[in-house]
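Following my numbering, the numbering of the sequence shown begins with 5 at its first residue and continues without gaps. Since the structure comes first, as C-alpha cells, the remarks are kept for the end.
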Amino acid sequence: MTNKKIADLIQEQTQHLRSIATEKIQSFKDRDLSRPVTSWIKEDRLQNEMGYEFTIIFRTCACSWVRSDSAGCTMCGYYNDKGPDSIPQKLILTQMQYAVNKHLSKLEEIQKNGGKTTLKIFSSGSFLDDEEFSPITRLDVINKAIKLPSIDHVLAESRPEFVKHETLDPIIEITGKGSFELGIGMESSNDYVRKTLINKGFTSMDLQHSMKIAQNSHVLVKTYLLLKPPFLTEKLAIRDAVTSIKKAISWGANSISLNPVNIQAYTLTEYLFNNRKYRPPWIYSVISVFQQALSPSIMDKVLILCSPSASGSFRGVHNCHDKSCNTRWLNILNEFIKTQDKKIIDPDHLTYNDCSCWGEYNVFLEYSSI
Ligand code: SF4
Ligand SMILES: [Zn+2]
Numbered sequence: 005m006t007n008k009k010i011a012d013l014i015q016e017q018t019q020h021l022r023s024i025a026t027e028k029i030q031s032f033k034d035r036d037l038s039r040p041v042t043s044w045i046k047e048d049r050l051q052n053e054m055g056y057e058f059t060i061i062f063r064t065c066a067c068s069w070v071r072s073d074s075a076g077c078t079m080c081g082y083y084n085d086k087g088p089d090s091i092p093q094k095l096i097l098t099q100m101q102y103a104v105n106k107h108l109s110k111l112e113e114i115q116k117n118g119g120k121t122t123l124k125i126f127s128s129g130s131f132l133d134d135e136e137f138s139p140i141t142r143l144d145v146i147n148k149a150i151k152l153p154s155i156d157h158v159l160a161e162s163r164p165e166f167v168k169h170e171t172l173d174p175i176i177e178i179t180g181k182g183s184f185e186l187g188i189g190m191e192s193s194n195d196y197v198r199k200t201l202i203n204k205g206f207t208s209m210d211l212q213h214s215m216k217i218a219q220n221s222h223v224l225v226k227t228y229l230l231l232k233p234p235f236l237t238e239k240l241a242i243r244d245a246v247t248s249i250k251k252a253i254s255w256g257a258n259s260i261s262l263n264p265v266n267i268q269a270y271t272l273t274e275y276l277f278n279n280r281k282y283r284p285p286w287i288y289s290v291i292s293v294f295q296q297a298l299s300p301s302i303m304d305k306v307l308i309l310c311s312p313s314a315s316g317s318f319r320g321v322h323n324c325h326d327k328s329c330n331t332r333w334l335n336i337l338n339e340f341i342k343t344q345d346k347k348i349i350d351p352d353h354l355t356y357n358d359c360s361c362w363g364e365y366n367v368f369l370e371y372s373s374i
C-alpha cells in the first residue's frame, strides 16, 4: 500500500469518528460557557526548582486542525470538550476570572510562603490562533496573568503555523524575555510518524521554522513528544521517542515533555484499542526512553518532564494489573522528574524483578505486533 493510501485511510477513519463525536457534543446543550473546562493548582517541576502550576483549560471553538477536513490527530480527543464555533470572546475572559476566583487564596498562600507558580493556559488548541483567542483577548489574558500572586512564568500552547513574530512580540512586551514559554506538539522527529500515523499535518521543517521564530522573539520552547503513537510496536515506539528527544534538543528545545499515549474518546487510537490492536505504553518503556536518550550534558541544559494522564489505568501508561507495581514505577518516574537526577533511573539500582510482569514485558517487547 502506498503512503498516500495509508494516510487517506487513517484520515477517513478519523473523520468518521470525529463525526460521531460532533453529534454527541451537539447534545451537550447545558455546557456553561462562562466556566473553563477545568482548572487546578498542583505541585510542579519548574525550570530550576519545585513549585506550582496553575492550569486553566479554556473552552474555545477547538483546535483549528481538528475543525479542518483533516479531522485532527489520531490520539487526540480534546475536541470532545469544545464550545460552539461562535463562542463570544468576552466569555473567554469570564472563564479566566472564574478560575482565578476559585484559586486566588491558594495563589496568595503560595506567594506568602515564597513559592513560584507557572500559569498554564491550555485550550486543547492554539493560544496563538485568532479564532480561539482574538489578539485583544490574548493580551488581556496575559495582562491579567502576570498580575496574579506568585505567577512568574506563563506557558501556552500552539500549532506551528500560528507562531509569528507579530503575535509573540506583544506578549513578550508584557511578560518580559524568558518568562513566556510556548508548548508545541512535535510528537515525533520522524515525518512519516508525525504526518501519517499521527495525522498531525506539519513537517519537521515547519516545526523547526516555528521554533526559530519563537527563539528569536525570546520565547522559551517546550516540545511535547508522544510515546507510542498508533501503529508503532512498543520497541519501535521507544526507538522513535529516543531519537525524537535528541532531535528536539538539537533543534533548540528548552524543555521536553514526554507524553505516553492514553486512550481518548472518539479517536482512532481508541478504535484500535477496542479492537485489541493497540496497547498504551508500559511504564518500563518510559523509563527506558529516558535511560537511553538522556546524557549528563542534556540534563544540564534541558528540563525533562513527564506527567502522564490516566497513568496506572488500563487506558493509560501502565505495567500490569497489580496496583502496587504501577504505583512503584510511577513513583520512580515522578521522583526522577522532580529531582532531574538520572541516578534515580539508573538500571543498576532498579529492582526490575519485584513483579513478574518484567518478564512478560520483555517478551512483549520482542514479539508483540501492537
Ligand atoms: S493534538 Fe493538538 S494539534 Fe492535534 S488535534 Fe489535538 S489539539 Fe489539535
Ligand atoms: Zn507488574
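Note that the Cβ used here is the ideal one computed from N, Cα and C, for glycine as well.
CB-CB length for T227 against A252, believed under 8 Å: 4 Å
Whole beta strand (DSSP E) elements within the segment 108-195, 3-residue minimum: 121-126, 155-161, 184-191
Any heavy atom of ligand 2 within less than 6 Å of residue CB: hits in chain order: N323, C324, D326, C329, C359, C361
Three CB pairs or more closer than 8 Å across the segment 191-203 and the segment 213-233: yes
8 Å contact criterion, which C310 and L262 should meet: CB distance rounded: 5 Å
Closest Cα partner of L172 within the set D12, I140, M190: I140
Start and end residues, alpha helix (DSSP H) containing V367: 361-371
Through-space distance from K347 to I45, alpha-carbon basis: 29 Å
Cβ contact (3+ pairs, closer than 8 Å) linking the segment 20-28 and the segment 264-271: yes
Opposing strand residues paired with N263 [DSSP bridges]: L230
F277, DSSP secondary structure in three states: helix
Cβ-based burial, L201 [other Cβ within 10 Å; buried from 16]: buried
Helix, strand or coil at M215 [DSSP, three-state]: helix
Distance cut-off 7 Å: S72 Cβ against heavy atoms of ligand 1: no
When V246, K124, D352, F368 are compared against D48, the one with the closest alpha-carbon: K124
Under 8 Å between C-beta atoms of F294 and F368: no
Buried versus exposed, by CB contacts within 10 Å (16 or more), H322: buried
Check: G129 C-beta below 7 Å from any heavy atom of ligand 1: yes
Own chain, CB closer than 7 Å to R39, minus 5 neighbours either side, in chain order: Q99, Y102
Identity of the residue in I308, K327, A297, I336 nearest C361 by Cα: K327
R163 CB to nearest heavy atom of ligand 1 below 7 Å: yes
Helix, strand or coil at Y82 [DSSP, three-state]: helix
Sheet register partners of S43 (DSSP bridge): I60
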